[in-house]
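Student:
2 protein chains.
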Amino acid sequence: MLRPHLSQDRLISALSGRTVDPPPIWLMRQAGRYLPEYREVRAKAGSFLGLCLNPELAAEVTLQPLRRFDLDAAIVFSDILMVPYALGQKVEFVEGEGPKLEPVRSAEGLARLDRAAAEARFAPVYETLRLVVTELPSGVPVIGFCGAPWTVATYMVEGAGSKDQAQARLWAYRDAASFQSLIDLLVETSVAYLLGQVKAGARVLQIFDSWAGSLPENEFARWCSTPTRSIVAGVKAEAPDVPIIGFPRGAGAQAETYARETGIDAIGCDTSMPLSFMRETLQARLPVQGNLDPLLLLAGGEPMEARVTTILNTLGGAPFVFNLGHGILPDTPPEHVARLVELVKGKA
Amino acid sequence: MLRPHLSQDRLISALSGRTVDPPPIWLMRQAGRYLPEYREVRAKAGSFLGLCLNPELAAEVTLQPLRRFDLDAAIVFSDILMVPYALGQKVEFVEGEGPKLEPVRSAEGLARLDRAAAEARFAPVYETLRLVVTELPSGVPVIGFCGAPWTVATYMVEGAGSKDQAQARLWAYRDAASFQSLIDLLVETSVAYLLGQVKAGARVLQIFDSWAGSLPENEFARWCSTPTRSIVAGVKAEAPDVPIIGFPRGAGAQAETYARETGIDAIGCDTSMPLSFMRETLQARLPVQGNLDPLLLLAGGEPMEARVTTILNTLGGAPFVFNLGHGILPDTPPEHVARLVELVKGKA
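Protein sequences appear in the order of chains A and B.
Adding 15 to a residue's 1-based position in the first sequence gives its number in my numbering.
Adding 15 to a residue's 1-based position in the second sequence gives its number in my numbering.
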């Protein structure tokens, strides 16, 4: 059984249900293209996937934002498509176009996925985590993560990002049993992957369900909530004290059911989630995380400062983690991030 | 003051707050590419915009689905970009790519929009409505519509459909006053346009806010709810008895505030809205419309039939209009639509 060190980590305190003042802050995609030092390392690595698979460079970019900003966590530099990659699906990241995969759309495609080979392919991510942990100050955990099975499946089936995830949804409507076998494979692989990350030093986990919003109610329950619950249960069986944040982007009014049914410790909220709903419906049940508009961080200035104040005033009196509602945009000026962190930390 | 005829229309009854059994049904984009007879007329018209501006052909495609299916309303064949077109913005529809507009991103761009010329440019839509009304059986109203100012503004500013409406949102963050003047112009033009449609025979109106889901709380209130409330108030001042359906796609948990604050008579719900939220939170206040997944209509068969039954059982006992959660997809087999209408009408 894996147990994290007892600690005074501000993030872990908040995720354990304590009100931390000022609240902890980290930012989705805090290691990324908005930082010139990231772009330098990225150029060295050759490709995005090459960077994910190079532990020394990946550890370096993981740590970069913590050298600039007073953040309360690192998040391992990796990608949610590491799981299809580990299962043997051909994955590449085309500059300016996003990920391209050889689509899996049939029983034969499914049969070619190779669960046995996955652990060896995850090894570089584990190594990145081990390197990061040695460099982090105490009290600052590193977050491990994976994509939720539904979201990962949409990329595997579409072969790319897509507007409405139609191919994956159609497969699920037309042949729910075979789609279920893909989801089951992803659940099993993700549990092993998250536990591997915990063993390598991750003390908090996040499950990214970026395309949760494209599913109607029954499908949301079947393809988002249920597999997420299975992952949470699988991880908790081995690592009961590692808090897990679920991030069902676009879930809207379905976020309540998700929070209730998955067993997650905290819920990440996207930008469109009303603060009143976060406070009254979600935070009444579990710690919430979010949800500044990344575009407002890019714009900066008075409108950003006003919103940060509103978010802190609305959510700061109960268990809360400050974050964006989605990842940092590449054109964001790093000084806006510095200002945001100052504001949240009350050093304004 | 414009008053519709008193009538026993099933749609108008439901929108007036009565429980109609079986519930009325119409389908977003019911006149469209999934129908071979539509594709024939479309080919004759040359371009999509040419079809919208040709009253005889537009009336013909408006009526086509009612010849095949026992639907409770027609919806005038037109497009939400008729408003920017009428304001003098260059609008074209590129085959396979969607709309292209000359983007408006500055005070100069705004100043070039010509409100005075708009009514003359709306005339073909009014003529389409007049032609449609003469052909419709009594008890079947024709629905007029416009895009909500926020959604229309996103196309005007982006120059096309976009993933996250970043240009429009950035403008609104950086210079709210000038963005407000664009929204105000759209409110004023939309009120005149909807009243023109009522004068030409529309007896129900729908306001499509397709991109409502991209806005955080404060912006949702300012750019979605408030302008919609102004449009509703402007229309109701002249045509108090014409029911108005609001369709804030992607509003998620914000739909409740929208329903409360805009003055709409009924709310259209997209596919991701849980039926329990529709029933308990929305239908408790006003009639609801929706929300079968268009992809499930495309897929057809037992999964579709099961969902239709669930929707009817959950929402049919109170004021309700059956619809999809978004427009019919072009690859939908027309026989699936026929089956859906039979199911809803209880002729299964």
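Just so it is clear, CB atoms sit at the ideal spot from N, CA and C, and this is done for glycine as well.
Per DSSP, alanine 89 of chain B is paired with what?
Tutor: Partner(s): B:Val157.
Student: Whose C-alpha, out of A:Val76, A:Lys59 and A:Leu86, is nearest the C-alpha of valine 356 of chain A?
Tutor: Among A:Val76, A:Lys59 and A:Leu86, the Cα nearest to that of valine 356 of chain A belongs to A:Leu86.
Student: Out of A:Gly61, A:Ala270 and A:Ser287, which one is the CA nearest neighbour of glutamate 234 of chain B?
Tutor: Per the Cα distances, A:Ser287.
Student: Counting pairs of beta carbons, one from the stretch 73 to 88 of chain A and one from the stretch 36 to 53 of chain A, are three or more of them closer than 8 Å?
Tutor: Touching, yes.
Student: What is the DSSP secondary structure of glycine 176 of chain B, counted as helix, strand or coil?
Tutor: Three-state DSSP puts glycine 176 of chain B in coil, outside helix and strand.
Student: Tell me which residues of the stretch 274 to 289 of chain B have at least one Cβ-Cβ distance to chain A shorter than 7 Å, keeping chain order.
Tutor: The stretch 274 to 289 of chain B vs chain A, Cβ under 7 Å: Thr286, Ser287, Met288 and Pro289.
Student: Please identify the residue among B:Pro302, B:Ser205 and B:Ala236 whose C-alpha is closest to the C-alpha of arginine 33 of chain B.
Tutor: That would be B:Pro302, whose Cα lies nearest to the Cα of arginine 33 of chain B.
Student: Buried or exposed for aspartate 24 of chain B, please, with buried defined as at least 16 other CB atoms from any protein chain shown within 10 angstroms of its CB.
Tutor: The residue in question, aspartate 24 of chain B, is buried, as its Cβ has 16 or more Cβ neighbours within 10 Å.
Student: Could you give the C-beta distance for threonine 204 of chain A and alanine 133 of chain A, rounded to a whole number, given that I count them as a contact under 8 Å?
Tutor: Going by Cβ atoms, the distance from threonine 204 of chain A to alanine 133 of chain A rounds to 6 Å, so yes, they are a contact pair.
Student: Where does alanine 122 of chain A fall in DSSP's three states?
Tutor: In this structure, alanine 122 of chain A counts as helix in the three-state DSSP scheme.
Student: Please identify the residue among B:His341, B:Ala314, B:Gly228 and B:Leu307 whose C-alpha is closest to the C-alpha of tyrosine 273 of chain B.
Tutor: Ranking the options by Cα distance to tyrosine 273 of chain B, first place goes to B:Gly228.
Student: Please report whether the beta-carbon of aspartate 224 of chain A lies at a distance below 9 Å from any beta-carbon of chain B.
Tutor: No, because no Cβ of chain B sits closer than 9 Å to the Cβ of aspartate 224 of chain A.
Student: Looking at the secondary structure, which residues open and close the beta strand (DSSP E) in which glutamate 107 of chain A lies?
Tutor: Segment 106 to 109, the beta strand (DSSP E) holding glutamate 107 of chain A.
Student: For phenylalanine 262 of chain B, return the contacting residues in chain A, with the cut-off set at a CB-CB distance below 9 Å.
Tutor: None at all; the shortest Cβ gap to chain A is about 15 Å.
Student: Give me the Cα-Cα distance between threonine 347 of chain B and glutamate 317 of chain B, rounded to the nearest whole angstrom.
Tutor: Threonine 347 of chain B and glutamate 317 of chain B: Cα-Cα distance of roughly 16 Å.
Student: Am I right that valine 91 of chain A and glycine 159 of chain A are in contact with their C-beta atoms under 8 Å? What's the rounded C-beta distance?
Tutor: About 6 Å separates the two Cβ atoms, so the contact holds.
Student: Return no unless some Cβ of chain B is closer than 9 Å to the Cβ of arginine 354 of chain A.
Tutor: False, the Cβ-Cβ gap to chain B never drops below 9 Å.
Student: Within the same chain, show all residues whose beta-carbon is closer than 6 Å to that of alanine 236 of chain B, passing over the 5 residues directly before and after it, in chain order.
Tutor: So no residue of the chain qualifies.
Student: So, with DSSP's three-state summary, where would you put proline 114 of chain B?
Tutor: Residue state, collapsed to three classes: strand.
Student: Report, in whole angstroms, the separation of the C-beta atoms of leucine 30 of chain B and valine 219 of chain B, which I expect to be a contact under 8 Å.
Tutor: Right, the Cβ-Cβ distance comes to about 6 Å (below 8 Å), so this counts as a contact.
Student: Hey, how far is the Cα of leucine 201 of chain B from the Cα of lysine 360 of chain A?
Tutor: Taking the straight line joining both Cα atoms gives about 41 Å.
Student: Compare the C-alpha of alanine 60 of chain B against each of B:Pro258, B:His351, B:Leu50 and B:Leu72 and name the closest.
Tutor: Comparing Cα-Cα distances from alanine 60 of chain B to each of B:Pro258, B:His351, B:Leu50 and B:Leu72, the minimum goes to B:Leu72.
Student: Between A:Arg354, A:Arg300, A:Phe292 and A:Asp285, which lies nearest to asparagine 338 of chain A when the distance is taken from Cα to Cα?
Tutor: That would be A:Asp285, whose Cα lies nearest to the Cα of asparagine 338 of chain A.
Student: Cutting at 8 Å between CB atoms, please list the residues of its own chain near alanine 353 of chain B, excluding the five before and the five after it.
Tutor: Within the same chain, alanine 353 of chain B has close Cβ partners Arg83 and Phe84.
Student: Pick helix, strand or coil for asparagine 69 of chain B, following the three-state DSSP scheme.
Tutor: The answer is coil: DSSP assigns asparagine 69 of chain B none of H, G, I, E or B.
Student: Which of helix, strand or coil does DSSP assign to aspartate 129 of chain A?
Tutor: Coil.
Student: Candidates B:Val157, B:Leu26, B:Gln45 and B:Ser93: which alpha carbon is nearest alanine 341 of chain B's?
Tutor: Going by the sequence as given, residue 341 of chain B is histidine instead of alanine. Comparing Cα-Cα distances from histidine 341 of chain B to each of B:Val157, B:Leu26, B:Gln45 and B:Ser93, the minimum goes to B:Gln45.
Student: Using a Cβ cut-off of 8 Å, pull out every chain B residue sitting near tyrosine 49 of chain A, in sequence order please.
Tutor: Those within 8 Å of tyrosine 49 of chain A in chain B number zero; the least Cβ separation is about 15 Å.
Student: Using the beta-carbon count (16 or more within 10 Å), is threonine 169 of chain A buried or exposed?
Tutor: By the 10 Å Cβ count, threonine 169 of chain A comes out buried.
Student: Flag this pair as yes or no: are the beta carbons of proline 255 of chain B and leucine 146 of chain B separated by less than 9 Å?
Tutor: For proline 255 of chain B and leucine 146 of chain B, no; Cβs fall outside 9 Å.
Student: Counting only Cβ pairs nearer than 8 Å, list the residues of chain A close to glutamine 195 of chain B.
Tutor: By Cβ distance, chain A contributes nothing, its closest Cβ being about 14 Å from glutamine 195 of chain B, past 8 Å.
Student: Valine 247 of chain B and glycine 265 of chain B: beta carbons closer than 9 Å?
Tutor: Not closer than 9 Å, so no.
Student: How big is the Cα-Cα spacing for alanine 187 of chain A and glutamate 276 of chain A?
Tutor: One C-alpha to the other measures close to 21 Å.
Student: If you check the beta carbons only, do glycine 283 of chain A and glycine 305 of chain A fall under 9 Å apart?
Tutor: Yes, the pair counts as a contact, with Cβ atoms nearer than the cut-off.
Student: Look at the alpha carbon of proline 7 of chain B and the alpha carbon of proline 258 of chain B, and state the distance between them as a whole number of angstroms.
Tutor: Residue numbering for chain B in the displayed model covers 16 to 363; residue 7 of chain B lies beyond these limits and cannot be assessed.
Student: Determine the closest residue to valine 119 of chain A out of A:Gly162, A:Ala163, A:Gln182 and A:Lys178, with distance taken between C-alpha atoms.
Tutor: With distances taken between Cα atoms, valine 119 of chain A lies closest to A:Gln182.
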